[in-house]
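Numbering (the UniProt record's numbering), first residue to last: 1 to 1037.
The structure appears right after this line, and notes come after that.
Have a look at this one:
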């Protein structure tokens, strides 16, 4: 038995708890602990009286573990909502007291039950809860804590308002309650800002520190996967050798043959494991990128003390994203190999005699083996493809690892790597071998030299590779050759993998340049105070969407512009977010009509989904709060503290049923665990830190624990008699804890009932609507990508360093659309996961279909982005540039660009050949079919069908892919030979071809969407041709 796995260090590592997580867990338990300890003092307990336990609850609600910018924003919003709630409660108490005065008989006791006063209090309760939750529904994440603060304060005040006899008593109750809340907020703010303070930029740096290790894991898995694909990959020569070997195995199997088959099964399982490892690593990297993106938004909005500015962080994030993109293409290799590899059927092998070496493989693409060729020569041909390719991949992986180590070491994100076997003599510091050490000032020049050597080695690839071409040569079995020619798959795979490595290395080189530029301009010498820009402050306070700034930029410039916008209401705006002209109303022309438009805005708010959610929350909370307004149950409400049911209901309700059920069940479990495991409260913050989905259950669990402890200690401090004098009976801890569990369960049951009644707001409907929006953005992204490639083919992209050049403008638009699409896909996955918790009322939600469509959109999006990136900075991949200057200084560094380098005279011929190749490419793409927007139109149809639950138009069929490679072959067959590998444009167009074949998932998505929308009468043309079935989103195949 291995006892090391039970060691505490091993267990902490398995749980993912490092020093940072452990300190954060301890920090999370400080605010309620400090509050409870403070109330043992007479000075503090006399201020809040019986409401001391609420200070501990508020200290938890403030979420002190958030970074400084987020926490400050939540505190400001929460304090504002607290003041508004107190003001409304003051007005409500005044109305309640006046109602009691006007309806009570003379001489009635002040605390006697009064139905009119209770009715007025109930009305104010319903109004306050509806208003705040309607506003909360517009921005549920940011307004969760402020809305909870408002709701708890209003609920406690207005449920007690029915028993308040005078205005002075009511205002004194509100004052004490307000002070209790302020003590909790103040304590949480002190802990957040002064004890282990956390900033968004420190969280950003902490999230990306594992980037080099995961990138190395991806590249190592890539090499291992390619090595495992010698027999089963898309290498036609290799697979022909496999076929020959399998033909010899048609005789009865011996034990030796069974052992060989077992070995082949092991190879297949090893290949699957490497593919799984590759997919898992890229998912981890994407998760890091997503979390870094969320922290970057707030890092630009906070006052920080550091070395890098907010613009530097944005540039660093853009560079990491440019590295993630080719790595995403590398993770697609298993799927590429699967699509390009056909299974050799046993029936086909049986038709050929064992000694017939003229058998034509099922894969096709090469002439049959000559009778004189031996099957034992096949492994040599196999090495001719796989082994040199793996050598180049290992070289590229070493360059990427060294570049990452240098960049992250220079930016002080990681510690410098240890130098093994380095000489201790200081005179050896100037030795040539030390230039390539990460962190060395001369590293960039040496790294660039090695990169040029790597690119130049393409002309020294094995000579037999030069015979490869995109299409197999004619081998006629008579006088007439057959068309179409078979595609040589290894030709496309070799160039595709090679071009991905080139793009990745260029992205790493940009990262190295950026790191050295920060050293050159003095940024890394010392820390300084950084202030956010005015636009960032506006975003921080008003939470304005960055995408809306572009649309609102010129709203009020001049009257002429207004007239243009009136005549073109959708110009310059997102058509899906813009309001279309109202078919029932003409534009207002006078004052009364404009006033009517304002009244219509009020009616739109009252009939909105957000207002409906506010009504649901108010009614759900009132189901338990009504006990405080009825004469028969009023004393029961206060004696059993049913107010806790109201509070949990207000905190726990969410707009969708799946999210609510998940959160409510989590709150029940969290409350039970908090009651049982109260001694290890710091561990309650573990799910909060490791998975944001469990923030709600964690907060409820911690609140329950602190409520039990605070109530017991407060009762001992104030005395049981004083506590019961306020109308709150004392319960021992062994009764108080179970009562809290019962209260949470009751609140969860009430909340879930009102989420699904009278009509459920399901997570499935959110998935459908967001899927429609995602398809709409995908259509726009495809149009932008297609235009980018068309501009490159026609050489109209201009200077990429010019912010107004067509290439830069298209890059900006594509980046903006990509960010929106990635956010939509993340939201889709969250809501799709919540559908598992919804009861299948009326039928089960087709989660598998929607998940498949989401996965297809993700794959298509990655392919599209790679297709546009494949045409960037190709002149730097030629390997014919002269030696650069050794200065690492870069002025006005732009992500995706590197300083231009002068070319040597020997490369002019290659440049001229490249220009002629591009001219032929433009001639092949000069077709109306190439410029048609059929695919964009199809995606728009899919978006409209999913969004509006409509059938697709009849006879709508996927478009044909554009045969660009075959058009190039018709112009000049030499254009598609492997000898053109030194031309980066040639490798780029081949990479686009392979990515287009990967976009065949659009056909699958088309069929799934049609099934989801219950389409009828749609022409489903299924061709036996592989090209017909594998529809490409881009029309470049």
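Just so it is clear, CB atoms sit at the ideal spot from N, CA and C, and this is done for glycine as well.
DSSP-derived helix/strand/coil call for residue i
i            : result
residue 39   : coil
residue 228  : helix
residue 315  : helix
residue 331  : helix
residue 1038 : A question about residue 1038 goes unanswered here, because the residues of the chain that appear run from 1 up to 1037.
residue 653  : coil
residue 782  : helix
residue 108  : coil
residue 539  : helix
residue 586  : coil
residue 198  : coil
residue 391  : helix
residue 502  : helix
residue 848  : helix
residue 833  : helix
residue 608  : coil
residue 927  : coil
residue 217  : helix
residue 787  : helix
residue 631  : coil
CB contact flag (residue i, residue j, <8 Å)
i            : j           : result
residue 706  : residue 56  : yes
residue 306  : residue 530 : yes
residue 1110 : residue 200 : Shown here, the chain extends from 1 to 1037; a query on residue 1110 therefore has no answer.
residue 934  : residue 336 : no
residue 136  : residue 145 : no
residue 793  : residue 922 : yes
residue 739  : residue 730 : no
residue 620  : residue 751 : yes
residue 162  : residue 629 : yes
residue 39   : residue 533 : no
Own chain partners of residue i with C-beta closer than 7 Å, once the 5 adjacent residues on each side are dropped
i           : result
residue 18  : none
residue 615 : 130
residue 868 : 785, 788, 789, 814
residue 796 : 806
Distance between residue j and residue i (C-alpha atoms, nearest Å)
i           : j           : result
residue 863 : residue 444 : 31 Å
residue 857 : residue 299 : 30 Å
residue 223 : residue 387 : 10 Å
residue 842 : residue 760 : 12 Å
residue 635 : residue 86  : 25 Å
residue 76  : residue 61  : 13 Å
residue 114 : residue 32  : 38 Å
residue 243 : residue 931 : Annotation note: pLDDT 46 at residue 243 (below 50); position unreliable, coordinate value reported separately. Distance between the alpha carbons of residue 243 and residue 931: 43 Å.
residue 150 : residue 89  : 10 Å
residue 49  : residue 618 : 29 Å
residue 491 : residue 968 : 15 Å
residue 528 : residue 311 : 14 Å
residue 594 : residue 612 : 26 Å
residue 196 : residue 415 : 22 Å
residue 424 : residue 437 : Interpretation of residue 424 is limited by its pLDDT of 43, a score under 50 that renders its predicted location unreliable; no figure is taken from the coordinates.
residue 955 : residue 938 : 12 Å
residue 839 : residue 655 : 16 Å
Beta-bridge partners of residue i, as assigned by DSSP
i            : result
residue 1107 : Residue 1107 lies beyond the range of the chain shown here (1 to 1037); nothing can be said about it.
8 Å Cβ shell around residue i - same chain, five flanking residues per side excluded
i           : result
residue 832 : 763, 767, 847, 850, 851, 854
residue 269 : none
residue 818 : 781, 861, 865
residue 401 : 212, 215, 216, 219
residue 558 : Here the model assigns residue 558 a pLDDT of 37, short of 50, so the residue's position is not dependable, and the following value carries that caveat. Nothing meets the Cβ criterion.
residue 917 : 975, 980, 983, 985, 986
Beta-carbon contacts of residue i that lie in its chain and below 6 Å, excluding the five residues immediately before and after
i           : result
residue 886 : Caution is warranted here: a pLDDT of 40 is assigned to residue 886, below 50, making its placement in the model unreliable, and no coordinate value can be reported.
residue 30  : 191
residue 59  : 31, 32, 35, 184, 187, 188
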